[in-house]
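Residue numbers (our numbering): 23 to 490.
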C-alpha cells in the first residue's frame with residue numbers, strides 16, 4: 023500500500039546497488055468504487071513529459087467527518103481508568119489522540135488524491151511523491167487542500183527487435199584449455215597440511231599478519247590474513263615475495279620491499295618505497311588429490327573420461343561467454359534504438375545513493391572519512407551516468423517483459439537463492455530469509471532475473487551470422 027511519510031524524509035531511499043527506483047508500476051489495487059465516493063476534488067496539470075502536479079481539496083465537513091469517525095473508533099476501544107470501557111468522552115479522546123488522528127486523516131486524503139489522479143488521468147508514477155503530511159496546514163474553515171508533484175515514467179514505444187542480425191563466433195576447445203581445467207580442478211580439491219620443519223613451500227599458504235612500514239613506522243596493520251605465496255599484497259613483486267617467504271616457519275617474520283599502491287589508505291605515500299613485514303602464525307603446504315580421488319569427485323572411471331568431462335565443461339563455459347557477448351551487443355543496440363528522457367530527479371537520487379554507499383565502503387576499508395567523502399564527490403558524474411543507464415535499461419526491460427509476457431516464477435527465485443547460497447557457503451534458508459527481510463534487495467534480484475530473461479529472448483529472436 024502506498025503511503026506518505028510522516029517523518030522528516032518523505033521518500034525512502036532505495037539500496038545503492040539497486041537499478042530500480044522506489045516507484046509503483048501503476049494504480050494500487052483499491053476498490054474502484056472508493057474513487058467514485060471520494061469527496062476529494064482534484065486537478066492534474068502536466069508539467070512536461072515526465073512530471074505532473076496534482077492539486078486537490080477536501081471540504082471541511084468531509085475532513086471533519088473522517089476525523090470524528092477515527093476518534094469514535096478509538097473511543098470504542100479505549101479502556102481508561104475512571105471510565106467504563108468504550109465510554110470515554112470524545113473530548114478526552116481528542117485531547118489524547120487528536121494530533122495523531124488528524125495526521126492520519128491527512129494521510130488518508132493524500133492517498134485518495136494520489137490514487138484518484140492515477141486512475142483518472144492514467145498516470146504512470148516513477149517514484150513516490152515527496153509529501154510530508156505533518157507540514158500541511160488545515161485551512162481556517164477546516165478544509166484540507168494541497169498540491170504535490172509526481173515524477174512520471176517515460177513512455178516506451180518499442181520498435182521491432184525480432185530478426186536483428188549479429189555475428190556469431192564458433193566455439194572451439196584446445197587441449198591446453200582442457201589441461202588448465204583439470205589443473206584448476208586439482209587446485210580446488212587440494213587440501214592443506216601443516217608445512218612442518220621444512221617451512222612454507224613455494225606454492226604454500228600462510229595465515230598471519232601484515233605490517234606495511236614507511237621510514238620505520240607502521241602505517242597499516244592487518245591480522246588473521248590468508249596469504250598465498252603466489253599472490254602478494256599490492257605493490258610487491260610476486261617473485262620477490264615468494265622467494266622471501268619460501269621456507270618460512272611458524273613464528274617467523276620476513277620483510278620484503280614494496281611500493282605503496284594507488285589507491286592506498288594513506289594517499290601521501292602512494293608511489294613511495296616501503297616494506298611489507300609478514301608474520302607467519304600458521305604455515306601450510308598444499309596437497310593435491312590423487313587421480314583416483316579426482317575420478318571419484320567427477321564421477322568418471324579413468325583419465326580419458328576425465329578429459330572428456332573437462333572438455334565438456336570448457337565447451338559450455340566458452341559457449342556461455344559467446345552467448346553473453348551476443349546478448350550484450352543486442353542489449354546495447356536496444357538502448358541505442360530506444361532513447362528515453364529519464365527524470366533528472368530520479369537520476370540524481372540514484373546517483374547520490376550510489377555515492378553514499380561508496381563513501382561508506384571506503385570508510386569501512388580504513389580510509390579517513392574526509393578523504394572518502396572527497397573520493398565519492400569526484401565520482402559524481404560517473405555515478406550519474408551509471409544511474410541514467412540503469413534507469414534506461416530498467417524501463418526497457420519492463421516494457422519488453424510486458425509486451426512479450428515474460429514473467430518470473432517461484433522456481434526462478436528459488437534457483438537464484440540456491441546459487442547465491444552456494445557461492446557464499448550459506449544455507450538456502452539463510453539466503454531466502456535475508457531477501458524476505460530486505461525488500462529492496464529482493465526487488466533488485468527480481469529485476470536482474472527479468473533482465474536475464476529479456477537478454478536470452480533477444481538472442482533467441484536474433485539472426486546469428488556464423489563468423490569463421
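Glycine is no exception: its CB is placed at the ideal position from the N, C-alpha and C atoms. Since this is a predicted model, take the numbers as computed values, not measurements.
Item, Value
"Would you decide whether residue 172 is buried or exposed? Buried here means 16 or more other CB atoms lie within 10 Å of its CB.", "buried"
"By how many angstroms is the C-alpha of residue 233 removed from the C-alpha of residue 307?", "23 Å"
"At 3 residues or longer, what runs of the beta strand (DSSP E) sit wholly inside the region 203-246?", "213-216, 227-236"
"Just mark residue 260 as buried or exposed, buried being the case when its beta carbon has 16 or more other beta carbons within 10 Å.", "exposed"
"Skipping 5 residues on each side, what residues in its chain have a beta carbon closer than 7 Å to that of residue 320?", "328, 331"
"If contacts are defined as beta-carbon pairs under 8 Å, then residue 186 and residue 355 qualify, I think. What distance do you get, rounded to the angstrom?", "7 Å"
"Note the first and the last residue of the continuous alpha helix (DSSP H) segment covering residue 82.", "82-99"
"With 16 other CB atoms within 10 Å as the buried threshold, where does residue 470 fall?", "exposed"
"Going by other Cβ atoms of all chains shown within 10 Å of its Cβ, with 16 needed for buried, is residue 79 buried or exposed?", "buried"
"Would DSSP call residue 52 helix, strand or coil?", "Confidence in residue 52 is poor, its pLDDT being 37 and thus under 50, which makes the residue's placement unreliable; the coordinate value appears in the next sentence. Coil at residue 52, not helix or strand."
"Between residue 167 and the rest of its own chain, which residues show a CB-CB distance below 8 Å, the 5 nearest in sequence each way excluded?", "77, 78, 79, 80, 161"
"With a threshold of 8 Å on Cβ separation, who are the neighbours of residue 399 within its own chain once the five nearest residues in sequence on each side are excluded?", "377"
"Hey, which unbroken runs of the beta strand (DSSP E) at 3 residues or more fall wholly within the region 279-321?", "295-309"
"Would you report the Cα separation of residue 476 and residue 158, rounded to the nearest angstrom?", "44 Å"
"Checking the sheet assignment: what are the DSSP bridge partners for residue 487?", "189"
"For residue 451 and residue 204, what's the separation of their Cα atoms in angstroms?", "33 Å"
"Quick check: what's the CA-CA separation for residue 368 versus residue 462?", "16 Å"
"State the CB to CB distance for the pair residue 131 and residue 62, rounded to an integer number of angstroms; the pair is presumed to be in contact (CB under 8 Å).", "6 Å"
"Out of 285, 219, 454, 352, which one is the CA nearest neighbour of residue 473?", "352"
"When the Cβ atoms of the region 259-277 are set against those of the region 211-224, are three or more pairs found closer than 8 Å?", "yes"
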